[in-house]
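**Q** Going by the numbering used here, the final residue of the sequence shown carries number 564, and the count climbs one at a time with no gaps. Glycine included, C-beta positions come from ideal geometry on N, C-alpha and C. Being a predicted model, the structure only gives us computed values, none of them experimental. Before we start, here is the structure in question, set down as structure tokens.
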Amino acid sequence: MATQTLALPAQPALPTGFKRWIIVITAISAAIVELIDTSIVNVGLTDIAGNLGVTIEDVAWVVTSYAIANVIVIPMTGFLQRYFGRKSYYIGSIILFTISSYGCGFATNLEMLIFFRFLQGVGGGALLSTSQGLIYDAFPASQRAVASAIFGMGIVLGPTLGPTLGGYIIDNYHWSWMFYINVPIGIIATFLSITYIDKKPDEVNINRRGIHIDQIGILLLTVGIGSLQYVLERGEADDWFDDAAIRYLALIAAFTLPFFIWWELRGTKEPVVDLRVMKNRNLTIGSILVVIVGYGLFTSVLLYPLFAQRIVGLTATQTGKLLIPGGFITLPMFALTGRLLAKGVSPRLIVSLGYVAFGSFCFIMSTYNADASDGDFITALIIRGIGLALVNVPLINQSVSTLEPRQMPTGIAIVNMMRQIGGAFGVAITNTYVTQRTALHRSDLVSHLQPGSPALTERLNAMTQGLIAKGVNSIDAVSGAYKNLDAIVSRQALMISYLDTFRLAGLFFVVSFPLLFLLKKKKMSAEAAKAAADAAH
Numbered sequence: 028m029a030t031q032t033l034a035l036p037a038q039p040a041l042p043t044g045f046k047r048w049i050i051v052i053t054a055i056s057a058a059i060v061e062l063i064d065t066s067i068v069n070v071g072l073t074d075i076a077g078n079l080g081v082t083i084e085d086v087a088w089v090v091t092s093y094a095i096a097n098v099i100v101i102p103m104t105g106f107l108q109r110y111f112g113r114k115s116y117y118i119g120s121i122i123l124f125t126i127s128s129y130g131c132g133f134a135t136n137l138e139m140l141i142f143f144r145f146l147q148g149v150g151g152g153a154l155l156s157t158s159q160g161l162i163y164d165a166f167p168a169s170q171r172a173v174a175s176a177i178f179g180m181g182i183v184l185g186p187t188l189g190p191t192l193g194g195y196i197i198d199n200y201h202w203s204w205m206f207y208i209n210v211p212i213g214i215i216a217t218f219l220s221i222t223y224i225d226k227k228p229d230e231v232n233i234n235r236r237g238i239h240i241d242q243i244g245i246l247l248l249t250v251g252i253g254s255l256q257y258v259l260e261r262g263e264a265d266d267w268f269d270d271a272a273i274r275y276l277a278l279i280a281a282f283t284l285p286f287f288i289w290w291e292l293r294g295t296k297e298p299v300v301d302l303r304v305m306k307n308r309n310l311t312i313g314s315i316l317v318v319i320v321g322y323g324l325f326t327s328v329l330l331y332p333l334f335a336q337r338i339v340g341l342t343a344t345q346t347g348k349l350l351i352p353g354g355f356i357t358l359p360m361f362a363l364t365g366r367l368l369a370k371g372v373s374p375r376l377i378v379s380l381g382y383v384a385f386g387s388f389c390f391i392m393s394t395y396n397a398d399a400s401d402g403d404f405i406t407a408l409i410i411r412g413i414g415l416a417l418v419n420v421p422l423i424n425q426s427v428s429t430l431e432p433r434q435m436p437t438g439i440a441i442v443n444m445m446r447q448i449g450g451a452f453g454v455a456i457t458n459t460y461v462t463q464r465t466a467l468h469r470s471d472l473v474s475h476l477q478p479g480s481p482a483l484t485e486r487l488n489a490m491t492q493g494l495i496a497k498g499v500n501s502i503d504a505v506s507g508a509y510k511n512l513d514a515i516v517s518r519q520a521l522m523i524s525y526l527d528t529f530r531l532a533g534l535f536f537v538v539s540f541p542l543l544f545l546l547k548k549k550k551m552s553a554e555a556a557k558a559a560a561d562a563a564h
């Protein structure tokens, strides 16, 4: 009697030529669009608030809702890809992101805008995550470094281009176009994904009944991470623990996150996020370093536009244009990083150089003042671009290089989540530190304004005469001179606080630098690289 052999599904052929680059362009565009949307709205909050008739504090929920959804979805991407299949999950996320983008632009009130922004964040979390795996799969194992470099460009260019594009739209069009611009990109990406992306064998005839759903883990992750993200995003605006919602959500996060860790380690055999991989030294140390990089990236994206516009007086468009040279220098640097990794140059050496460059950017920015020129900003931002290109790819690779292939999905998910959390911490720390330092410096500056001081009297008289020369009566001119002086003091205090905050970010890089030398040196095997490619998110 002849023995029948069950044929396994054939592995899809590696894409080549036109098809490969269509997949790469589609995936990198989706990743960049997702990351642009994390920062593009920041420059338009004032316009959105005015148009919808709400306060800046209320409209900040447009940023918070997206961030909360994003950071919840990212660690669950591995499970969602297994359950739905990577191609179906990816296409579904693009469609959700596109429809939500249209909904955001069409929103007629704040509640509607926040609702669609949350859905946009749910879809966006998958765009960033799954795009990495698609790009890796488009290249053979020998060219994984090239794939890493291409994905790394998206990680950096997205947050960099966000304020640039947002500033241009706000200065020239209605704020809704910050969202409508995603619609044609989403439609094209959906069509190309359906046409050119192949399903892997394990995506065919998925036995969903055989996949355990860790409902308790998903609930704890959603509540815990969502609460933590809310506290970090809204803490400064809501006076931290003086606000009841912040207190309650901080307590919820403090309870649910440790319980989530316990549940994933001990409470279930099939966790939604297998935290056992954190026993790996490289992943643990790499995750800490990725938090610092995320902190530095998002802090610089937040702080540079504020400094350029509120202190130097640049428009949103001018501020965005100064980011372009740094963005362009990043492209060849990513290519160079990929080649260095492919030739066997130590990832730790490359990351160390990137760390020095990014720390240098922070300390250079901490020396600027209101007279900073366009050239000053361009120089600093080019150094930042070089640092990010050297840090991102080798650090992510080194973080997961000592994991077993089966652990790659969870390891990469954790690294991506840590980058987002680092960004959230960066925004929270920056907002709080700027506020506290501004109050301190204002108090110091005011203490030096002694009544009767010849210098003070001369300055007030000059401002008073200047106002009188413009037709202001003498009484109002004196009052106006004091108001102008108060504005000057406030602006000076704000400037010094920005410089302090850049210096603080630089110190984070200095303090964490020794951790680089605790990373084990290990080149990722072809098998591990393929596993990372299959499950990267």
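Is the separation between the beta-carbon of G347 and that of G507 shorter than 8 Å?
**A** On the sequence shown, position 320 is the one that residue 347 refers to. On the sequence shown, position 480 is the one that residue 507 refers to. Result no, Cβ atoms of G347 and G507 do not sit closer than 8 Å.
**Q** Tell me which residue opens and which closes the alpha helix (DSSP H) that V516 is part of.
**A** The residue labelled residue 516 in the question sits at position 489 within the sequence shown. Where V516 is concerned, the enclosing alpha helix (DSSP H) stretches over S501 to S539.
**Q** Identify whether K46 lies in helix, strand or coil by the three-state DSSP scheme.
**A** The residue given as residue 46 occupies position 19 in the sequence shown. Residue state, collapsed to three classes: helix.
**Q** So, with DSSP's three-state summary, where would you put E431?
**A** Here residue 431 refers to the residue found at position 404 when the sequence shown is read from its first residue. Note: E431 maps to coil in three-state DSSP.
**Q** Measure the Cβ-Cβ separation of I377 and G412 and say whether it is below 8 Å.
**A** To locate residue 377, count along the sequence shown from 1; it is residue 350. To locate residue 412, count along the sequence shown from 1; it is residue 385. In this structure, G412 does not lie closer than 8 Å to I377 by Cβ.
**Q** Could you please give the first and the last residue of the uninterrupted alpha helix (DSSP H) stretch that includes W204?
**A** Position 177 of the sequence shown, counting from 1, holds the residue named residue 204. First-last of the alpha helix (DSSP H) with W204: W204 to Y207.
**Q** Identify whether A407 lies in helix, strand or coil by the three-state DSSP scheme.
**A** Along the sequence shown, read from residue 1 onward, the residue named residue 407 stands at position 380. For A407, the secondary structure class from DSSP, reduced to helix, strand or coil, is helix.
**Q** Quick one: what's got a C-beta closer than 8 Å to A29's C-beta in the same chain, skipping five residues either side?
**A** Against the sequence shown, residue 29 aligns to sequence position 2. Confidence is the limiting factor: at A29 the pLDDT is only 46, short of 50, which leaves the residue's position unreliable and the question unanswerable from this model.
**Q** Among W204, S517 and A384, whose alpha-carbon lies nearest the alpha-carbon of A134?
**A** As a position in the sequence shown, residue 134 is number 107, starting the count at 1. Nearest C-alpha to A134: W204.
**Q** In the DSSP assignment, find the unbroken alpha helix (DSSP H) run with G132 in it and report its ends.
**A** In the sequence shown, residue 132 corresponds to position 105, counting from 1. Segment R113 to F133, the alpha helix (DSSP H) holding G132.
**Q** How many Å lie between F385 and F529 at the Cα?
**A** Taking the sequence shown and counting its residues from 1, one reaches residue 385 at position 358. Taking the sequence shown and counting its residues from 1, one reaches residue 529 at position 502. Whole-angstrom Cα-Cα distance: 11 Å.
**Q** Leaving out five residues before and five after D241 in sequence, what residues of the same chain have Cβ atoms less than 7 Å from its Cβ?
**A** The residue given as residue 241 occupies position 214 in the sequence shown. Contacts found: T295, E297, P298 and V299.
**Q** Given that a residue counts as buried once 16 or more other Cβ atoms are within 10 Å of its Cβ, and exposed if not, what is S120?
**A** Counting from one through the sequence shown, the residue named residue 120 turns up at place 93. Buried, since its Cβ has 16 or more Cβ neighbours within 10 Å.
**Q** On the three-state DSSP scale, how would you describe G80?
**A** As a first step, residue 80 must be located in the sequence shown, where it is residue number 53. Coil.
**Q** Leaving out five residues before and five after N309 in sequence, what residues of the same chain have Cβ atoms less than 7 Å from its Cβ?
**A** Translated into the one-based positions of the sequence shown, residue 309 becomes position 282. Scanning its chain for C-beta atoms nearer than 7 Å, with the 5 sequence neighbours on each side dropped, one finds around N309 the residues Q425, S426, S428, T429, L546 and K547, in chain order.
**Q** Does DSSP put A399 in a helix, a strand or coil?
**A** Taking the sequence shown and counting its residues from 1, the one referred to as residue 399 is at position 372. Looking at A399 - three-state DSSP - the assignment turns out to be coil, as it is neither helix nor strand.
**Q** At the level of alpha carbons, what is the spacing between F166 and K227?
**A** For the purposes of this step, residue 166 is taken as residue 139 along the sequence shown, with counting starting at 1. For the purposes of this step, residue 227 is taken as residue 200 along the sequence shown, with counting starting at 1. Separation of F166 and K227 (C-alpha to C-alpha, rounded to the nearest whole angstrom) is 15 Å.
**Q** Quick one: Cα of I126 to Cα of V210, how far?
**A** Position 99 of the sequence shown, counted from the first residue, corresponds to residue 126. Position 183 of the sequence shown, counted from the first residue, corresponds to residue 210. Between I126 and V210, the C-alpha separation is close to 7 Å.
**Q** For I319, I'd like the list of residues in its chain whose CB is within less than 7 Å of its CB, leaving aside the five on either flank, ordered along the chain.
**A** Position 292 of the sequence shown, counted from the start, is the residue given in the question as residue 319. Counting only Cβ-Cβ distances below 7 Å, and skipping sequence neighbours, we find G449, F535, F536 and S539.
**Q** Does the separation of the CB atoms of A96 and L259 fall below 8 Å?
**A** As a first step, residue 96 is located in the sequence shown; it is residue number 69 there, counting from the start. As a first step, residue 259 is located in the sequence shown; it is residue number 232 there, counting from the start. The Cβ-Cβ distance between A96 and L259 does not fall below 8 Å.
**Q** For Y116, I'd like the list of residues in its chain whose CB is within less than 7 Å of its CB, leaving aside the five on either flank, ordered along the chain.
**A** Your numbering for residue 116 matches position 89 in the sequence shown. Excluding sequence neighbours, Y116 sits near L107, Q108, A153 and T157.
**Q** Helix, strand or coil for S394? Go by DSSP, reduced to three states.
**A** Taking the first residue of the sequence shown as 1, we reach residue 394 at position 367. One point to set straight first is that residue 394 is Thr, not Ser, in the sequence displayed. DSSP places T394 in coil when its eight states are reduced to three.
**Q** Note down the Cα distance separating T53 from G130, rounded to an integer number of angstroms.
**A** If you number the sequence shown from 1, residue 53 lands on position 26. If you number the sequence shown from 1, residue 130 lands on position 103. Roughly 23 Å between the two C-alpha positions.
**Q** Relative to the C-alpha of H475, which candidate in D513, Y460 and I495 has its C-alpha closest?
**A** For the purposes of this step, residue 475 is taken as the residue at position 448 of the sequence shown. Nearest of D513, Y460 and I495 to H475, Cα basis: D513.
**Q** In three-state DSSP terms, what is S373?
**A** Here residue 373 refers to the residue found at position 346 when the sequence shown is read from its first residue. DSSP places S373 outside both helix and strand once states are collapsed to three, so it counts as coil.
**Q** Using 8 Å as the threshold, is the C-beta distance between L408 and G381 below it?
**A** Along the sequence shown, read from residue 1 onward, the residue named residue 408 stands at position 381. Along the sequence shown, read from residue 1 onward, the residue named residue 381 stands at position 354. Contact flag unset, no.
**Q** Measure the C-alpha to C-alpha separation of I338 and M305 and round it to an integer number of angstroms.
**A** On the sequence shown, position 311 is the one that residue 338 refers to. On the sequence shown, position 278 is the one that residue 305 refers to. In a straight line, the C-alpha of I338 is about 43 Å away from that of M305.
**Q** Mapping the DSSP letters down to three states, classify I439 as helix, strand or coil.
**A** Position 412 of the sequence shown holds residue 439. In the structure shown, the three-state DSSP call for I439 is helix.
**Q** Taking the alpha-carbon positions, what's the M392 to F325 distance?
**A** Here residue 392 is taken as the residue at index 365 of the sequence shown, counted from 1. Here residue 325 is taken as the residue at index 298 of the sequence shown, counted from 1. Per the coordinates, the alpha-carbon of M392 lies some 15 Å from the alpha-carbon of F325.
**Q** Give, in chain order, every unbroken run of the beta strand (DSSP E) that is at least 3 residues long and sits entirely within the stretch 296-336.
**A** none
**Q** Locate the alpha helix (DSSP H) running through P285, then write down its first and last residues.
**A** Locating residue 285 in the sequence shown gives position 258, where the first residue counts as 1. Taken as a continuous stretch (DSSP letters only), the alpha helix (DSSP H) holding P285 covers A271 to W289.
**Q** So, under 8 Å CB-CB, T217 and I118 are touching, yes? Tell me the CB distance rounded to an integer number of Å.
**A** Mapped onto the sequence shown, residue 217 falls at position 190. Mapped onto the sequence shown, residue 118 falls at position 91. Right, the Cβ-Cβ distance comes to about 6 Å (below 8 Å), so this counts as a contact.
**Q** Distance check for L542 and L248, CA to CA, integer angstroms please.
**A** Along the sequence shown, read from residue 1 onward, the residue named residue 248 stands at position 221. Along the sequence shown, read from residue 1 onward, the residue named residue 542 stands at position 515. Using only the alpha carbons, I get a separation of about 28 Å.
**Q** Could you check what DSSP says for F388 in three-state terms: helix, strand or coil?
**A** By 1-based counting over the sequence shown, the position of residue 388 is 361. In the structure shown, F388 sits in a helix (DSSP, three-state: H, G or I).
**Q** Just the C-alpha distance for Y200 and I141, rounded to the nearest angstrom, thanks.
**A** Along the sequence shown, read from residue 1 onward, the residue named residue 200 stands at position 173. Along the sequence shown, read from residue 1 onward, the residue named residue 141 stands at position 114. Using only the alpha carbons, I get a separation of about 21 Å.
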